[in-house]
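Take a look at the structure below.
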Amino acid sequence: MSEKENSETETNATQNKASKRKKKNIAVLVIMFLLLLCLFIVQCQLDKIKQEALQKQQETELEARQKHILDSLRRIEKMKADSLADAEAARIADSIAQADSIRAADSIASLKPEINKDSLRHVRDSLKHVRDSIAAADKARSDSLAAIADSIAKLEKARLDSLEKKRIQDSIRSSDKTPPGAEITPPAGRYYDPIKLKVKCDEIKCKTFLSIGDTLNPQEAGKAVEYNKTGSVFFYAEDSVGNRTPWEEAKYDMASDNICGKNAYPVPVGGKTVCVDAYEYPNEADANPRDMVSQEQAVELCKQAGKHLCSIDEWQAACRGKDKTRFSYGDGYKQNKCNTNTKAMKRSGRKEQCRSWFGMYDMNGNLWEWTATKSKDHPNMFLVAGGAWNTNNESKCTDSKFSFYPQNQYPSVGFRCCK
Numbered sequence: 446m447s448e449k450e451n452s453e454t455e456t457n458a459t460q461n462k463a464s465k466r467k468k469k470n471i472a473v474l475v476i477m478f479l480l481l482l483c484l485f486i487v488q489c490q491l492d493k494i495k496q497e498a499l500q501k502q503q504e505t506e507l508e509a510r511q512k513h514i515l516d517s518l519r520r521i522e523k524m525k526a527d528s529l530a531d532a533e534a535a536r537i538a539d540s541i542a543q544a545d546s547i548r549a550a551d552s553i554a555s556l557k558p559e560i561n562k563d564s565l566r567h568v569r570d571s572l573k574h575v576r577d578s579i580a581a582a583d584k585a586r587s588d589s590l591a592a593i594a595d596s597i598a599k600l601e602k603a604r605l606d607s608l609e610k611k612r613i614q615d616s617i618r619s620s621d622k623t624p625p626g627a628e629i630t631p632p633a634g635r636y637y638d639p640i641k642l643k644v645k646c647d648e649i650k651c652k653t654f655l656s657i658g659d660t661l662n663p664q665e666a667g668k669a670v671e672y673n674k675t676g677s678v679f680f681y682a683e684d685s686v687g688n689r690t691p692w693e694e695a696k697y698d699m700a701s702d703n704i705c706g707k708n709a710y711p712v713p714v715g716g717k718t719v720c721v722d723a724y725e726y727p728n729e730a731d732a733n734p735r736d737m738v739s740q741e742q743a744v745e746l747c748k749q750a751g752k753h754l755c756s757i758d759e760w761q762a763a764c765r766g767k768d769k770t771r772f773s774y775g776d777g778y779k780q781n782k783c784n785t786n787t788k789a790m791k792r793s794g795r796k797e798q799c800r801s802w803f804g805m806y807d808m809n810g811n812l813w814e815w816t817a818t819k820s821k822d823h824p825n826m827f828l829v830a831g832g833a834w835n836t837n838n839e840s841k842c843t844d845s846k847f848s849f850y851p852q853n854q855y856p857s858v859g860f861r862c863c864k
């Protein structure tokens, strides 16, 4: 083998030894690190055990101190009671001794008129003290009896007041035959996400109940009940005097997919599906709806949103729902369902019961709404629909007006968009 090859062999051997030495050093360092880590964990556990032992010792000492204080208080109370008993016994013995002294003095005075006048005066003073003590005791007894009599009189008055209150309540119960009002929230209709059902009552002291599918399994409905299926929910309310509403039915349709996106829901109109905004423009829950806008501006704003101003047919289909009712919530006018009997518009969706079957809010009342449909009798005017905050029962889904010029703005007229 040449010198060059020998040199390379030695170099490789040296490098291998260095590599092994380096690995060995690393292994030693890792082992030392693990040992230090174990020592640290053990030390932490020892500190924790020490703290727990110290805390337990402190609790034991505290309990011992508390017991010592309680024992001291009991001893003080006993000493106090014993002192009072001794003082009372001494007072009685002193009174008896003074009475005996008086009797003895009277006897001596009758036998020996020449007795010392100072002694007699002392006896008379003692007698006066006894009489004052007896008078004070009599007064305390009288005051105690008067206080007892006053307490009895107050108890009797309270009893009579309670009886009178019960009589009045019984009278109210016997005369109150009107059941409370009950409504379920959210109202019946189509929904695309799980909902939480709750039954509300229009009286303060009132219990509410609901039963899913039928009326056989009522449960309290004061707190929200999770619900996520298509079907009927029955509900009723009972007031504090036992009046209750009949079972009412709310039908729900839990749909699987909303093709219209945020705050808009599909409505079938003349064989096609139209996406109608859930709220009056700007179509946001709890936002102030836009009024003082002309029909021409409404058309342009809907266009900017990638939609169009609803026609009268689209608008009425969304309002009347699948059952073609006169109002969004049913056929009969109910003053409290929608904003139809106030002095101003409300924020969108504030009247939770004013929701159509398909999911549109405030289609009855709040603001009249522009449509894209011209009046047949007045081609230069466009129809507005739904009524405003003060139109009462003249706010049906079928109510419309044509006396609005498209270029004019009105404080009671808004709009919603369709697509």
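Note that this note's numbering has the sequence shown beginning at 446, numbered continuously upward.
We treat Cβ as the ideally placed atom computed from N, Cα and C, and that holds for glycine.
Count the other C-beta atoms from every protein chain shown that fall within 10 angstroms of the C-beta of residue i, then say buried if there are 16 or more, exposed otherwise.
i, result
"K821", "exposed"
"N461", "exposed"
"A458", "exposed"
"I757", "buried"
"V475", "exposed"
"D807", "buried"
"T818", "buried"
"P558", "In this prediction, P558 scores a pLDDT of 45, lower than 50, which makes its location untrustworthy; no coordinate-derived value is stated."
"L556", "Because L556 sits at a pLDDT of 41, beneath the cut-off of 50, its placement in the model cannot be relied upon, and the following sentence gives the value as read from the coordinates. Its Cβ having fewer than 16 others within 10 Å, L556 is exposed."
"Q740", "buried"
"K493", "exposed"
"A549", "Its pLDDT being 45, under 50, A549 is placed unreliably by the model, and nothing is read from it."
"K841", "buried"
"G804", "buried"
"N728", "buried"
"N935", "The displayed coordinates of the chain run from 446 to 864. Any statement about residue 935 would go beyond what the structure contains."
"R635", "buried"
"G676", "exposed"
"T787", "exposed"
"A762", "buried"
"S464", "exposed"
"C646", "buried"
Beta strand (DSSP E) containing residue i: first to last residue?
i, result
"V719", "K717 to D722"
"I640", "I640 to C646"
"I421", "Look at the range of the chain in this structure, 446 to 864, and you will see that residue 421 is not part of it."
"D731", "Unbroken run through D731: none, as it is neither H nor E."
"G400", "What the structure shows of the chain is the stretch from 446 to 864, and residue 400 is not part of that stretch, so it cannot be assessed."
"E814", "W813 to K819"
"A669", "First-last for A669: undefined, no H or E at that position."
"I629", "A627 to T630"
"F827", "F827 to A830"
How far does the alpha helix (DSSP H) with residue i in it extend, from its first residue to its last?
i, result
"V744", "Q740 to Q749"
"R689", "Taken as a continuous stretch (DSSP letters only), R689 belongs to no alpha helix (DSSP H), as it is neither H nor E."
"R765", "I757 to R765"
Based on the DSSP secondary-structure assignment, which residues constitute the bridge partners of residue i?
i, result
"R510", "Answer is none; R510 lacks a bridge partner."
"V712", "V719"
"Q664", "L655"
"V678", "I657 and A695"
"L754", "C862"
"V683", "In the sequence on display, residue 683 carries Glu and not Val. For E683, which the question treats as bridged, DSSP gives the partners K652 and R689."
"G810", "For G810, which the question treats as bridged, DSSP gives no partner whatsoever."
"S857", "None; S857 has no bridge partner."
"F772", "G775"
"R800", "Y806"
"S845", "A830"
Using a beta-carbon distance below 8 Å, is residue i in contact with chain D?
i, result
"A581", "No chain D is part of this structure, which consists of one protein chain only."
State the CB to CB distance for the pair residue i and residue j, rounded to an integer number of angstroms; the pair is presumed to be in contact (CB under 8 Å).
i, j, result
"I640", "Y672", "5 Å"
"N809", "F860", "Contact doesn't hold; Cβ gap of about 15 Å is too wide."
"C764", "S793", "In fact, because the Cβ distance is near 15 Å, the residues do not count as touching under 8 Å."
"A789", "W834", "6 Å"
"C799", "Y774", "7 Å"
"S685", "K707", "At roughly 43 Å, the Cβ-Cβ gap does not stay under 8 Å, so S685 and K707 are not in contact."
"C783", "C863", "Not really, about 21 Å apart at Cβ, beyond 8 Å."
"D736", "V858", "6 Å"
"A633", "Y697", "6 Å"
"T836", "T785", "6 Å"
"M699", "K668", "Contact flag wrong, Cβ pair sits at about 21 Å."
"N688", "K622", "6 Å"
Do residue i and the ligand MG come close, with the Cβ less than 7 Å from some heavy atom?
i, result
"D758", "Looking at this structure, you won't find the ligand MG or any other ligand, since it has none at all."
Three or more C-beta pairs below 8 Å linking the stretch 654–671 and the stretch 713–725: no
Is the number of C-beta pairs between the stretch 746–753 and the stretch 685–694 that are closer than 8 Å three or more? no
Using 8 Å as the Cβ pair cut-off and three pairs as the minimum, do the stretch 667–687 and the stretch 822–839 touch? No, the stretch 667–687 does not touch the stretch 822–839.
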